[in-house]
Amino acid sequence: MKTLLVTGVAALALTSTLVLAQGAPESLLPPGFDDPPPAQPTPTPTPQATTPARPAEGSTSPAEGTSRPVVQPLPESNSQPQPTIDLPDDLPSLEALEAMNTDELDQLLGLKPRFDIPPAARRSLSEVGIIGPGEGGFPTTSLESQPASLVQAILAGMRGPLVSRWGHILVRRTLASRLTAPVEMDPVDFAAWRAASLNAMGEYTAARGIVQDVDTNNWHKSLTDAALEAFVATGDIVGACPAVQLQGSDREDGQWRLWQSICAAYAGQGVRATSELRRALSREVAPPIDVLLAQRFAGAAGAGRHAVNLEWDEVDEITPWRYALANAVGAEIPEGLLADPAPYYQRAAAISPMLSPIDRLPGAHRAAGEGILSASAIVGIYGEVLNSGAEGEGSDTATRLRTAYTGSTPADRLAAMRDIWGAGAMDYSRLVLTAYAAARMPPSDQFRDDAPRLIASMLSAGLDRDAMEWSQVVEPGDLGWALLSLARPDDAEAVAGGQIDTFMDGDESDGQRKSQFLVAALAGLGRIDDSTAQSYSQQLDMELSRDSKWTRTIERAAAVDNAVLVSLLAGLGMQGDAWDKMTARHLYHIVSALNRVGLSAEARMIAAEAVARA
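Mapped onto mature numbering (1 follows the signal peptide of the UniProt record, and there is no 0), the consecutive letters of the sequence shown carry residue numbers -21 to -1, 1 to 593.
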């Protein structure tokens, strides 16, 4: 754990004290935007002084009310003067100008528009996010008065997956909430940090939603980088076109230039796209396979005039760009390139509807175990497998899953669930898969031996009340009892030390990690007193009382009752790819802080998950 928090926590010492009460709202715009220079007055013609003409001799002035001829005055222009175009001193040759595309010409002549959205449609940066408070999101001003350096340090440190499924779900909800940036932080920077953290967690759809909540004319490099990663991972190549077209030649890398050509094709400029992509292939702007995939993708917009043959022979690695475009155009990726796919491609496959359900299954299991997919979502994918008529292991599991939900007797349903779980080490994603089937099982002594896995399965989807129905079936001191002692919604009954001793005696986990997590979580939830917690801490060598910058910060965040800050700090402390990266001391502080700020449901589910997966 010494290196687990090094990225984010090292900067925590630079922050100021957390704020208990939110102050009066302050402007979130960058300096200078609050007091714009006064607008230059519109020049208006100065009327020339004139002398009224004398009436002709002998004439009389018309009487009041007498009809007079109406003379319409000539219209006067009140519009702003048109800006002049300052041509550069080193104007390219005529041949070079003819070779330039529209974006390059606009850039050269300074004609690139500042805004691509009408003023009435521009969105405010005061709140950015996709989940409002009425939709399950956190209060919008939760971070407004908190130190910007602290928030930035936390977000900068969140650069990987979380060990906890329930921790992942909580952090995703926090990052996706409609939040106001800290007063001292640029709102666009705040959005960029959040999108980058979501990308690192594999939450590409949520990251895309965050960046799309900021008008593209406000995007800077960091936000654009996070946006492009999210668009590629979700296979939404055309979704980035507004930013690509607006920024034009601001970037020069090969992938950006291919993206420009694709966007031109989907904007109706097929001839230009075809010409640019051919030139990119001949000039080796990017690897040939990247250009060929871009040609085929652009051709889907009607820009292609010939077939594009994809040559994979000399390709020795897959990249996110190649993976996204190949899936988008229905091209088959050689098996050798995806023989042992990195977690990125599994997560991307899980959320790629263009893939067949059988191809999505491996990634769906990873995504379900990590919290990216819900229990209902992975069951839905298996339902598609069953309806597709595919054959193989995935189809067999789908058939067993149908029996687990619809079997005629509880014994039949349980037998199907056992087959799904397997006899080896527990795959947590398979417990997620059977969560609602487990909730349909009637509590019975007949199924006592399977109670721990049934309970763990229900809790993986948050079905705590269904799980509590098994409290009369489990034996005090066994794994099922431990899970229910953590998951129960009420805390009226303290846990007896003798029951913990019984659990410890039967604990065969490595280093008694299950016992450590049980004691730490019970202490965090306040279900054992301090003296009991300290006694077991010494016995199990947990050092619950030892502190660090991170423990002091999360405790302070809990003391000022800031649920958003606690959630982000909890996510910072749960980074890793396996539960052996988590310590009992960190679990104690996470569960305790979440419980104190009103997130007791999340605290209980994280605690139960820790013991089940240790």
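Note that CB positions come from ideal geometry on N, CA and C, so glycine has one too.
Indicate the three-state DSSP secondary structure (helix, strand or coil) for residue i in the structure shown.
i: I96; result: coil
i: S254; result: helix
i: Q478; result: helix
i: A189; result: The displayed chain sequence assigns Ile, not Ala, to residue 189. DSSP places I189 in helix when its eight states are reduced to three.
i: S510; result: helix
i: I110; result: strand
i: L158; result: strand
i: L551; result: helix
i: L141; result: strand
i: D445; result: helix
i: L7; result: Here the model assigns L7 a pLDDT of 37, short of 50, so the residue's position is not dependable, and the following value carries that caveat. Note: L7 maps to coil in three-state DSSP.
i: S546; result: helix
i: S527; result: coil
i: T30; result: Per-residue confidence for T30 stands at a pLDDT of 43, beneath the threshold of 50, marking its modelled position as unreliable; the derived number appears in the next sentence. Of the three classes helix, strand and coil, the one that applies to T30 here is coil, per DSSP.
i: F117; result: coil
i: A499; result: helix
i: T213; result: coil
Look at the alpha carbon of residue i and the alpha carbon of residue j, and state the distance between them as a whole number of angstroms.
i: V364; j: A321; result: 23 Å
i: T119; j: L158; result: 4 Å
i: L442; j: E314; result: 39 Å
i: A186; j: L272; result: 25 Å
i: D319; j: A346; result: 16 Å
i: R326; j: P98; result: 38 Å
i: N196; j: E208; result: 18 Å
i: D292; j: A402; result: 41 Å
i: P15; j: I533; result: Per-residue confidence for P15 stands at a pLDDT of 48, beneath the threshold of 50, marking its modelled position as unreliable; no derived number is given.
i: L497; j: Y515; result: 10 Å
i: E311; j: D269; result: 14 Å
i: W300; j: D509; result: 53 Å
i: V294; j: P267; result: 9 Å
i: M584; j: T413; result: 17 Å
i: A252; j: A212; result: 23 Å
i: D489; j: A418; result: 30 Å
i: K560; j: L225; result: 44 Å
i: A563; j: E296; result: 40 Å
i: M483; j: W460; result: 12 Å
i: S374; j: T382; result: 13 Å
i: Y324; j: G218; result: 20 Å
i: G519; j: Q495; result: According to the sequence provided, residue 519 is Leu. The question's Gly does not apply to it. Rounded to whole angstroms, L519 to Q495 spans 6 Å at the Cα level.
i: L73; j: G350; result: 57 Å
i: A538; j: G188; result: 32 Å
Closer than 8 Å by C-beta to residue i: which residues in its own chain qualify, once you throw out the five before and the five after it? Chain order, please.
i: I216; result: F210, W238, I241, F276, A303, L304 and A307
i: I110; result: G116, R152, A155, S156 and R157
i: M333; result: G214, N306, A307 and G309
i: F426; result: P389, L393, M420, L433 and V452
i: Q513; result: L523 and S524
i: R339; result: A328, A329, S331 and I360
My assumption, with CB atoms under 8 Å, is that residue i sits in contact with residue j. Please give the rounded CB distance.
i: A580; j: G146; result: Not really, about 13 Å apart at Cβ, beyond 8 Å.
i: A205; j: A174; result: 4 Å
i: A265; j: G233; result: 3 Å
i: S546; j: L149; result: 5 Å
i: Y407; j: G348; result: 5 Å
i: V576; j: D540; result: 6 Å
i: residue 640; j: L551; result: The structure shown does not extend to residue 640, since the chain is modelled only from -21 to 593, so the question has no answer here.
Assuming contact is defined by CB atoms lying nearer than 8 Å, are residue i and residue j in contact in what I supplied?
i: V452; j: A430; result: yes
i: V474; j: R506; result: yes
i: V570; j: A586; result: yes
i: M553; j: S128; result: no
i: G456; j: Q491; result: no
i: M180; j: Q131; result: no
i: S367; j: P336; result: yes
i: W449; j: L458; result: no
i: V162; j: L202; result: no
i: residue 666; j: S121; result: This structure cannot speak to residue 666, because the chain is shown only from -21 to 593.
i: A435; j: Y415; result: no
Once the 5 residues before and after residue i are set aside, which same chain residues still bring their CB inside 6 Å of it?
i: F169; result: A160
i: L438; result: A446, A466 and A587
i: R379; result: A395, D398 and I399
i: Y567; result: A499, A502, G503 and L523
i: K493; result: D486, V590 and A593
i: L177; result: L154, A185 and A186
i: A102; result: In the sequence under discussion, the amino acid at residue 102 is Arg, which differs from the Ala named in the question. Around R102: D194.
i: P422; result: E448, W449 and V452
i: H285; result: none
i: Y183; result: A209, A212 and T213
Given residue i, which residues of its chain have a CB within under 7 Å of its CB, disregarding the five upstream and five downstream residues?
i: A343; result: A329, L352, I357 and I360
i: T530; result: H568
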